[in-house]
Amino acid sequence: MSYVENNLIPGETILYRTKLHWIVLFWPVLVGSLLGLISVLLFFSAVASRSGSSQSHSVAAGTGAFFLVVGAAIIGFGILRRNATEIAVTNKRVLIKTGLLSRRTIELLLSKIESIGVDESPSGRIFGFGTVIVRGTGGTPESFDQIAHPLEFRRQVHAHVEDGPTKGR
616 MSYVENNLIP
626 GETILYRTKL
636 HWIVLFWPVL
646 VGSLLGLISV
656 LLFFSAVASR
666 SGSSQSHSVA
676 AGTGAFFLVV
686 GAAIIGFGIL
696 RRNATEIAVT
706 NKRVLIKTGL
716 LSRRTIELLL
726 SKIESIGVDE
736 SPSGRIFGFG
746 TVIVRGTGGT
756 PESFDQIAHP
766 LEFRRQVHAH
776 VEDGPTKGR
């Protein structure tokens, strides 16, 4: 079960969910793929070159293996970051959880939400991601980057704030 499902209070139901946009994987996949390509080239150069010492072959192969592992780790951490983030609107609260080992959570009652802002760059508008800024009454703004469909998230929160805490039951 997810963090959101495990932390529902009695009578609370999930009305809307979103997650980080796939764009969070762009740089990890790009860098990981380039490192993977470099590792393949190093492996082929170690195998293909007949001249030179066996030590240079093993250095090239070892460096290639290192780049392959680092590239896979970079991609893996990007996937973990995306999958470890949960964003939900319930009939009573907004819940946002980020992180896997070190967790950051924000849980705001719908009745205590003062405003929700959305910042979208030109690329964010094209691809459908942005930064959501949630401000509770008397609290500091909480900012969450690269959220998928940020305008829909804001619309869902506004719709359920207007419904009140009992209408979504």
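Read in order, the letters of the sequence shown are residues 616 to 784 in the working numbering.
Even glycine gets a Cβ: it sits at the ideal position worked out from N, Cα and C.
Given the structure is predicted, the values throughout are model-derived calculations rather than measurements.
For the beta strand (DSSP E) containing residue i, list its first residue and its last residue.
| i | result |
| --- | --- |
| G739 | From DSSP, G739 is part of no beta strand (DSSP E) but of the alpha helix (DSSP H) over 737-742. |
| E701 | 701-705 |
| E729 | 728-734 |
| E722 | 719-724 |
| L712 | According to the sequence shown, residue 712 is Lys rather than Leu. Element bounds for K712: 708-713. |
| I629 | 629-633 |
What separation, rounded to the nearest whole angstrom, lies between the Cα atoms of residue i and residue j?
| i | j | result |
| --- | --- | --- |
| V619 | E701 | 7 angstroms |
| P643 | G679 | 18 angstroms |
| R750 | L766 | 16 angstroms |
| P603 | V733 | Nothing can be reported for residue 603: it is not among the residues displayed for the chain, which extend from 616 to 784. |
| L623 | Y631 | 14 angstroms |
| N621 | E735 | 31 angstroms |
| G693 | R740 | 22 angstroms |
| V674 | G686 | 18 angstroms |
| R784 | P737 | At R784 the pLDDT is 45, less than 50, meaning the model places this residue with poor confidence; the figure from the coordinates comes in the next sentence. Straight-line Cα distance between these residues: approximately 38 angstroms. |
| R697 | A688 | 14 angstroms |
| K782 | D760 | Its pLDDT being 49, under 50, K782 is placed unreliably by the model, and the measurement read from it follows with that caveat. Going by the C-alpha atoms only, they are around 30 angstroms apart. |
| F659 | Q670 | 15 angstroms |
Let me make sure I understand the geometry here. Which of the options has the alpha-carbon closest to that of residue i?
| i | options | result |
| --- | --- | --- |
| L724 | S736, G714, V709 | V709 |
| S758 | V674, I690, I711 | I711 |
| V602 | S736, T720, V749, V646 | In the structure as shown, the chain starts at 616 and stops at 784, and residue 602 therefore has no counterpart that could be examined. |
| T720 | E735, A699, M616 | A699 |
| A676 | A661, I689, G686 | A661 |
| S648 | I690, S671, S673 | I690 |
| T752 | E722, S736, V733, Q761 | E722 |
| V772 | D760, Q761, I748 | I748 |
| S617 | T713, G754, D760, V776 | T713 |
Pop quiz: residue i and residue j are said to be a contact at Cβ under 8 angstroms. What is the actual Cβ separation, rounded to whole angstroms?
| i | j | result |
| --- | --- | --- |
| V633 | A774 | In the sequence as displayed, the identity of residue 633 is Thr instead of Val. With 8 angstroms as the limit, T633 and A774 do not qualify as a contact, their Cβ atoms being about 14 angstroms apart. |
| L657 | F682 | 7 angstroms |
Between which two residues does the alpha helix (DSSP H) carrying residue i extend?
| i | result |
| --- | --- |
| S758 | From DSSP, S758 is part of no alpha helix (DSSP H) but of the beta strand (DSSP E) over 757-763. |
| L657 | 641-663 |
| E620 | 618-621 |
Stretch-stretch touch, CB-based, cutoff 8 angstroms, three pairs: the region 626-636 with the region 705-715: yes
For the region 647-657 and the region 724-731, state whether three or more C-beta atom pairs, one from each stretch, are separated by less than 8 angstroms. no
Is there contact here, the region 738-747 with the region 633-651, by at least three beta-carbon pairs under 8 angstroms? yes
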